[in-house]
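In the working numbering, the protein residues as written are 329 to 580. Virtual Cβ for every residue (Gly too), placed ideally from N, Cα, C. Worksheet: the structure to be examined is printed underneath.
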Ligand code: ATP
């Protein structure tokens with residue numbers, strides 16, 4: 329459902345994403361795991377069609393997002409890492425605005441908006457300006473906005489940041505149900521536990537490349553022979569096993 333071929337992004341001489349190939353089929357929840365600056369957000373923004381690759385292609389449901397962006401984006405819901413909403417719109421107006429971008433309006437969409445606001449426990453704030461929303465409420469509104477047009481694919485950057493435990497659980501259940509029904513989710517995370525609990529397969533991204541990928545058990549199989557934990561494997565692949573000395577900053 330999502331196919332990346334030699335996906336590359338350069339900023340001047342710096343290569344942020346370096347020829348990534350990846351296939352995520354229908355019904356799969358796939359995780360990108362990697363340290364700060366590895367290239368996860370850059371990849372996700374290219375997959376969502378909001379950042380132009382230097383080279384390589386992104387196909388969503390067989391559609392090249394650069395060649396036929398509107399068709400590809402109609403199938404896709406994108407949840408960015410920072411919840412951007414228009415402060416002077418109410419929650420209800422924001423979702424109506426997003427629906428209108430997809431050419432949707434009328435009573436069916438009004439019902440859809442109400443059901444999403446209900447799901448994310450935002451219904452009492454439907455008529456309030458989003459400038460009064462907390463960070464987590466904005467995040468939930470953005471997630472509702474990504475679902476309003478019933479996408480087949482969800483691309484999401486660090487979904488759990490800022491959510492309380494109940495909302496985080498709701499999102500986990502929602503993504504699982506979404507893929508069980510044939511949807512596809514590609515998400516980035518820093519958190520090994522989240523990747524482990526939520527994802528069918530993961531890729532460890534480091535310096536713009538996929539350093540390892542597979543199911544958790546496949547990755548574990550790679551590590552067990554060496555007696556390493558998954559965290560050890562992650563740190564080894566991403567250069568984090570060389571921990572800095574702390575005494576210089578902590579000594580009086
Ligand atoms: P984090 O986990 O910290 O969010 P990430 O894996 O999402 O990191 P990216 O945001 O994709 O990492 O950044 C990858 C690299 O590309 C970083 O070195 C970053 O400085 C660089 N980069 C990203 N955007 C730009 C830009 N607009 N101009 C120059 N360099 C950029």
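Measuring alpha carbon to alpha carbon, tell me which residue in the options is nearest residue i.
i	options	result
residue 463	436, 538, 432, 415	415
residue 357	449, 438, 531	531
residue 546	560, 529, 536, 573	529
residue 380	355, 400, 417, 336	336
residue 470	518, 427, 439	427
residue 483	367, 373, 342	373
residue 536	341, 333, 371	371
residue 437	333, 472, 400	472
residue 477	542, 509, 440	440
residue 396	406, 385, 405	385
residue 445	560, 542, 430, 468	468
residue 369	442, 511, 520, 487	487
residue 450	457, 465, 459, 460	465
residue 418	341, 459, 411	459
residue 567	544, 539, 576	539
Exposed or buried, residue i, counting other C-beta atoms within 10 Å across all chains shown (16 or more means buried)?
i	result
residue 494	exposed
residue 376	buried
residue 393	buried
residue 579	exposed
residue 422	buried
residue 514	buried
residue 383	exposed
residue 353	exposed
residue 574	exposed
residue 413	buried
residue 378	exposed
residue 485	buried
residue 332	buried
residue 429	exposed
residue 365	exposed
residue 549	exposed
residue 594	Residue 594 lies beyond the stretch modelled for the chain, which goes from 329 to 580, so this question has no answer here.
residue 533	buried
residue 334	exposed
So what does DSSP say about residue i, is it helix, strand or coil?
i	result
residue 550	helix
residue 494	helix
residue 581	The first residue shown for the chain is 329 and the last is 580, placing residue 581 beyond what the model contains.
residue 543	coil
residue 338	strand
residue 476	coil
residue 352	strand
residue 574	coil
residue 379	coil
residue 579	coil
residue 276	For the chain, the structure presents residues 329 to 580; residue 276 sits outside this window and is missing.
If residue i and residue j are in contact, beta carbons under 8 Å, what's the gap, nearest whole angstrom?
i	j	result
residue 348	residue 481	Not quite, the Cβ-Cβ distance comes to about 17 Å (not below 8 Å), so this is no contact.
residue 345	residue 409	Not confirmed; about 16 Å, so no contact.
residue 361	residue 562	7 Å
residue 420	residue 403	About 25 Å; that fails the 8 Å criterion.
residue 507	residue 355	5 Å
residue 503	residue 520	The Cβ separation is near 17 Å, so there is no contact.
Open item on the list: Going residue by residue through the region 505-537, where are the continuous beta strand (DSSP E) segments of at least 3 residues, counting only ones entirely within it?
Closed with: 512-517, 529-534
Task: Whole runs of the beta strand (DSSP E) within the region 381-453, excluding any shorter than 3 residues - done: 383-388, 404-407
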